[in-house]
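Under numbering that gives the first Met the number 0, think of the first position of the sequence shown as 0, with each following residue one higher.
Glycine is no exception: its CB is placed at the ideal position from the N, C-alpha and C atoms.
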Amino acid sequence: MNSRERVLLALEHKEPDRVPTFYRGISPLADWILEIVDIAPYIYFKPPKDFEPREENGVVFDELGIGRKRIGPHLEMVHHPLAGSNDLKSLEDYQWPDPLDKTRVYGMRESIIEWQKRGKITAIMTSWGGSTGIFECSWYMTGMEKFLVAIYENPKFVEALLDKMLELHKGLVENILIEVGDIIDIVCTGDDLATQKNLLISPQWYRNVLKPRQKELINHIRRFTRAKIYYHSCGNIMPLVEDLIEIGIDILDPIQPKALDTVQLKDRFGERLVFFGGIDEQEVLPFGTPKDVRKEVRKRFRELGKGGGLILGPAHWIQPDTPKENIIAMYEEILKCIY
């Protein structure tokens, strides 16, 4: 059984020969891992052919005008182009990128076919923020604090910005999936909706404002592909998991054990969701011993793996200071998780 066959079985809630796994980490650690394992990358769309990235004083600006600066191994947002905007006209006047530019998808189909020939699963990102969606991309434009305050003080502006992001994401999804929707395995989207303890927004606001727009985006994706839909949200999103199932999510990531009860999650939603992640990346993986890591792998496999529906790996990006022996122990033990 090859990697792709193994994952496809897990996505159908069937038990493969062993639990499938994946990798995500921050350079230079990522470079080391990719030298020793054969892992298919996430596949991203490209900026338009005529787009020229702008850099000022170490700040790199993307297509949306969001500025990021490298701080250590991370790219941190330091400029939000709509931070000073409060009215609908500022949204109308802004120079938004063209999501339908065909140069965005050049070479994408060939890349997917090549990885699938090598027996690898393929996943496509459909957002300017990686696996983020209309909520996160909206506050990227304004800054998080301004956006969260505006939910209550300037709701018309917030909803108009969400609608603009929905329009852009629907266009991008259409552009990408017309090209590869018939062959791609997984379509990735998401929004960080929670802290480790609770939600960033109220359940009522989510259900009244954000959920209908997310559902519209998911429905648009479904028009062009039968691929499984992966949704990323860090933190304790237990209060909204049922809502995510209702809008059409198939795969939930990252299953942070410090934020979610994995036994409860499996009991309540295990027949309707595939779980992606699960291994504690906040404490055990960076600060435990290899023995601790192996115990953690077995615990999460035992709690989440029965009946398939699990792709087991780190619950978030592995940080550069994580001991290599712990990473090796994690993957060695995952490969021993036989059904």
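- Burial state of K155 is exposed, judged by a 10 Å Cβ sphere holding fewer than 16 other Cβ atoms.
- For Y139, the secondary structure class from DSSP, reduced to helix, strand or coil, is helix.
- Contact between the segment 174–186 and the segment 199–207 is absent: fewer than 3 CB-CB pairs across the two stretches fall below 8 Å.
- The Cβ atoms of I65 and Y151 do not sit closer than 8 Å to each other.
- If you draw a 10 Å sphere on the C-beta of Q255, you find 16 or more other C-beta atoms in it, and that means buried.
- In the DSSP annotation of this structure, K13 is not part of any beta strand (DSSP E), being labelled neither H nor E.
- DSSP places M76 in the uninterrupted beta strand (DSSP E) bounded by H73 to H78.
- In this structure, R299 and G277 form a Cβ contact; the two beta carbons are roughly 4 Å apart against a cut-off of 8 Å.
- A direct Cα-Cα distance of roughly 9 Å separates R23 from Q318.
- For the pair of segments examined, the segment 233–242 was found to touch the segment 253–272: the number of CB pairs separated by less than 8 Å reaches three.
- With a beta-carbon spacing of about 6 Å, D190 and S232 fall inside the 8 Å limit used to define contacts.
- Contact check for G170 against L99 passes: the beta carbons are separated by less than 8 Å.
- Beyond the five residues adjoining it in sequence on each side, G142 comes within less than 7 Å, by CB distance, of H79 and A82 in the same chain, given in chain order.
- Counting along the chain, no alpha helix (DSSP H) covers H231; the unbroken beta strand (DSSP E) around it starts and ends at K227 to H231.
- E282 sits exposed, since fewer than 16 C-beta atoms from the chains shown fall within 10 Å of its C-beta.
- Per DSSP, the unbroken beta strand (DSSP E) holding K68 starts and ends at G66 to I70.
- Assignment of P289 by DSSP, reduced to helix, strand and coil, places it in the helix class.
- Secondary structure of R117 (DSSP, three-state): coil.
- Put simply, the backbone Cα of T102 is about 15 Å away from that of I42.
- Ranked by how close their Cα comes to the Cα of V172, the residues A193, Y229 and F223 have F223 in first place.
- Across the structure, G132 and D16 are spaced so that their CA atoms are roughly 34 Å apart.
- Taking the C-beta atoms as reference points, Q195 is found nearer than 8 Å to K257.
- For A159, the CB contacts under 6 Å within the same chain, skipping 5 residues up- and downstream, are L87 and L90 in chain order.
- Restricting attention to alpha helix (DSSP H) runs no shorter than 4 residues, the segment 222–283 encloses them at 240–246 and 261–268, ordered along the chain.
- Under the three-state reduction of DSSP output, T188 falls in the strand class.
- Of I185, L167, D162 and L199, the smallest CA-CA separation from V148 is found for L199.
- With a contact defined as Cβ atoms closer than 8 Å, S126 and H168 qualify at about 6 Å.
- M329 and K13 have their alpha carbons spaced roughly 23 Å apart.
- Secondary-structure assignment with DSSP links I123 through a beta bridge to I42 and V186.
- In this structure, A9 sits near L309, with a CB-CB distance shorter than 8 Å.
- DSSP places V59 in the strand class (E or B) of the three-state scheme.
- Residue range P154 to V179 is occupied by the alpha helix (DSSP H) that includes P154.
- A straight line joining the alpha-carbon of I112 with that of E11 spans about 22 Å.
- Rounded to whole angstroms, the gap between the alpha carbons of K214 and T188 is 12 Å.
- Here L28 carries a helix assignment [DSSP, helix/strand/coil].
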